[in-house]
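Worksheet: one structure, shown below.
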Amino acid sequence: MREQSKPVISIRDLVVGFGEATVLDHLSLDVRAGEIMGVVGASGSGKSVLLRTIIGLLPKREGTIEVLGVDLDRASEDERRALERRWGVLFQQGALFSSLTVRQNVQFPMRENLELSSRLLDEMALAKLEMVGLTAADANKFPSELSGGMTKRAALARALALDPEIVFLDEPTSGLDPISAGDFDALIKTLQRTLGLTVFMVTHDLESLYTVCDRIAALADGRIVAVGPMSTMLECEHPWVRTYFQGKRGGMLTDRIGQLVTEAP
Amino acid sequence: MSDGSLLTAKFEDDRLVLAGGGSWTAAHAAELESLVDGVSRDATRARSVSIDMRGVREFDTFGAWLLERLARQWSAAGGASIVGLPEHDRHLLDEMSGVNREAAPAEAGGYWLLTALAAIGRGTTGVGRDLLGFANMFGAVGVAAVRLLTRPRDFRFTSAVHQLDRVCWQAVPIILLITFLIGGIIAQQGIFHFRKFGAELYAVDLVAILILREVGVLIVAIMVAGRSGSSYTAELGSMMMREEVDALRTMGFDPVEVLILPRVLVLIIALPVLTFLGSMAALYGGGLVAFLYGGMSPDIYIARLEDAISLTHFKVGMIKAPFMGLVIGLVACTEGLLVKGSAESLGLQTTASVVKSIFLVIVLDGMFAVFFASIGM
């Protein structure tokens, strides 16, 4: 299950566009098993489009996407559904079902896909909620009663409901205060270690990139202009990547982290 | 490797030895749970327990939790010893050890009789609260209208024209079609039944008075409540959900003045216009049916119309129309502002808006009937 050789997600020559505009232009990217891959890019550069195309919410014009060894174009309906159970998605706004309680939200995928006793359903839902840092008292709340951070946590619990192998996170820390964002990053890192997850994360948050991501892919002009750990990003010559990591806000962090990166083997 | 069985149990004196095998994953969780429960039931006499996990090939949170649940059985008696679990799976098990320690708060239940009584009580107070809400909205709209009179430049003219286009102009085709058909149906029924008495000519009176006084305005009001009232509620409701209304308020605007007053005013203007057009279409439909079905020439139909109707009948219908527009607008906007965060609530309030405004329109029509009868119109 945890072999390192074959990439878990493999994208080749992906082209995606809307009408006249081409958003992703012959993009290729590999995500390895068990790593946290962070995708960065300017607003409107197509980060979210890339994520939504991989999980099949947007149609692509050209190229192939292979997830867990399954080519999404050739997969039959059943294979696709089986594959969708092996990944979990955390949407930017959480996308919790507003008419269900938090507990029912987490139980929803379990109830639909597994034949479990109601005792085990309740216990597993609470276990997942406690793993993401929510309490039993939160379980009976409705999504509209949750704060932003709690919504993200509840949505993460739902994404993890079926013990997926890959988790897609769309801007997991956006809209959170720095402390909550830091906690959330730590949570992702911990869960990734304990559950052996592969994490595909779209983010704007430099802190998250520094603290949790094993590798970073920079998206500009519709393609990946640099992939690698932080040190690669810092050495990259692409103008946008330079501005992003060496700019005013990036610079402060870079100074701090740059030392850590060079110290690390 | 015991591939066949997920969990096997055997006793060595008073020591229970359990061996796990296969996939302790979500897919096998149901099967595993019954095995775990079975072992827990049978094995209360065991003094100590050891669980050998070497045979387990796959392990996820579902397996980890069930293992934890199994181990907790003996936590008082010195605990179960778990051996042969790989390092990363051990982390997962540790993660589970803190979980589900406190009982989940029970969901509120109760006796059905009490619940039923409570529902009746809630329903009754709900009606009162609704009426209060409409009165409140009526007052707020009134205040906003008076305030606008002092500074008419602040009226949202563009917004009102836009709403008028949607509510009035775009509604014309469907209103014309439906009232045309209703007029035709009334004429057909009138001619069919009056023919028995040789009083076919009076079918024209029936059509004219019914349409102008009652049916024209009612049909139009019901159509508008379903078409525009529901869209007002949904619009304002989703603005509530996305905090747009709060944003307006913090910028120093009164949502009633900006959002609600133009909408209500537009309905007050639109309903008489649509009622007039609808009534004409219905009379035309009645005339067409009288010609095609009853063999009555258009000249006779028009002459009979002139005799049958007076300006009073026309006025009765037209006077009612703006009040119905007001009621529909108030109900739709009140319900819209009651929408809470969830999609379900939006649906509930939209339904409530249409049902309540149609109900109130009919009640209002009844009250007008009494009123006009007493003043002799």
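From first to last, the protein sequence lines stand for chains A and B. Count along the first sequence starting at 1, add 5, and that's the number in our numbering. Count along the second sequence starting at 1, add 2, and that's the number in our numbering. A virtual CB, placed ideally from N, CA and C, is assigned to each residue, including glycine.
Here phenylalanine 205 (chain A) is buried: its Cβ has 16 or more other Cβ atoms, across all protein chains shown, within 10 Å. Taking the C-beta atoms as reference points, valine 38 (chain B) is found no nearer than 7 Å to glycine 231 (chain B). Its Cα nearest to that of aspartate 76 (chain A), the residue A:Ile59 stands out among A:Ile59, A:Pro244, A:Val20. Asparagine 102 (chain B) belongs to the set of residues whose beta carbon lies under 7 Å from a beta carbon in chain A. If the five residues before and after valine 19 (chain B) are omitted, its C-beta is found closer than 6 Å to the C-beta atoms of Lys12, Ser52, all from its own chain and listed in chain order. Separation of the CB atoms of leucine 269 (chain B) and isoleucine 184 (chain B) is rounded to 21 Å, and the pair is thereby denied contact status at 8 Å. Within the same chain, Val36, Phe205, Arg220 come within 6 Å of methionine 42 (chain A) by CB-CB distance, once the 5 residues on both sides are set aside. If you draw a straight line from the Cα of arginine 265 (chain B) to the Cα of glycine 125 (chain B), it comes to about 29 Å. Serine 344 (chain B) belongs to the set of residues whose beta carbon lies under 7 Å from a beta carbon in chain A. Taking C-alpha positions only, threonine 10 (chain B) is separated from arginine 74 (chain B) by approximately 18 Å.
Bounds of any alpha helix (DSSP H) do not take in alanine 82 (chain B); it lies within the beta strand (DSSP E) bounded by 82–85. Look at the stretch 103–123 of chain A: the residues with a C-beta under 7 Å from a C-beta of chain B are Ser103, Ser104, Leu119, Glu120, Leu121, Ser122. Legend: CB atoms of the stretch 151–176 of chain A lying less than 7 Å from CB atoms of chain B belong to residues Leu167, Asp168.
One Cα belongs to phenylalanine 316 (chain B), the other to phenylalanine 373 (chain B), and the distance between them is close to 16 Å. One thing to note: glycine 227 (chain A) has its Cβ within 7 Å of the Cβ of aspartate 30 (chain A).
By the Cβ-count criterion, proline 234 (chain A) is exposed, with fewer than 16 other Cβ atoms from all chains shown falling within 10 Å of its own Cβ.
Rounded to the nearest angstrom, the Cβ distance from alanine 146 (chain B) to glutamate 259 (chain B) is 4 Å, consistent with a contact under 8 Å.
Counting along the chain, histidine 31 (chain A) sits inside the beta strand (DSSP E) bounded by residues 26–36. The three-state reading of DSSP puts threonine 252 (chain B) in helix, counting H, G and I together.
Using a CB distance below 8 Å, the part of the stretch 179–200 of chain A facing chain B consists of Arg198, Thr199, Leu200, ordered along the chain. Serine 81 (chain A) has a beta carbon lying at 7 Å or more from every beta carbon in chain B. DSSP places serine 99 (chain B) within a helical segment (H, G or I) once states are collapsed to three. The C-beta distance from alanine 132 (chain A) to threonine 336 (chain B) rounds to 44 Å, too long to fall under 8 Å, and the pair is not in contact. Alanine 130 (chain A) and glutamate 117 (chain A) have their C-alpha atoms spaced approximately 14 Å apart. If you look at phenylalanine 199 (chain B), you'll find it isn't in any beta strand (DSSP E); DSSP assigns it neither H nor E.
Burial state of threonine 181 (chain B) is buried, judged by a 10 Å Cβ sphere holding 16 or more other Cβ atoms. If you compare the alpha carbons of B:Asp96, B:Arg215, B:Trp26, B:Ser25 with that of alanine 375 (chain B), the shortest gap goes to B:Arg215.
Glutamate 40 (chain A) and serine 15 (chain A) have their C-alpha atoms roughly 14 Å apart. Under the Cβ criterion of 7 Å, alanine 132 (chain A) is counted among the residues facing chain B. The way I'd put it, the stretch 195–203 of chain B doesn't touch the stretch 318–325 of chain B; fewer than three beta-carbon pairs between them come closer than 8 Å.
Following the DSSP letters along the chain, one finds valine 20 (chain A) inside the beta strand (DSSP E) bounded by residues 14–23.
For tryptophan 67 (chain B), the C-beta contacts it makes with chain A under 7 Å involve Glu128, Met129, Ala132, in order along the chain. In this structure glutamate 35 (chain B) touches leucine 68 (chain B) by the C-beta definition: roughly 6 Å separates them, less than 8 Å.
Taking a beta-carbon distance threshold of 7 Å, glutamate 135 (chain A) counts as an interface residue toward chain B. Of all alpha-carbon atoms in A:Val72, A:Arg57, A:Arg90, the one lying nearest the alpha-carbon of glycine 22 (chain A) is that of A:Arg57. Using a Cβ-Cβ distance cut-off of 8 Å, the stretch 181–196 of chain A and the stretch 139–148 of chain A are not in contact, since fewer than three pairs of beta carbons, one from each stretch, lie closer than that value.
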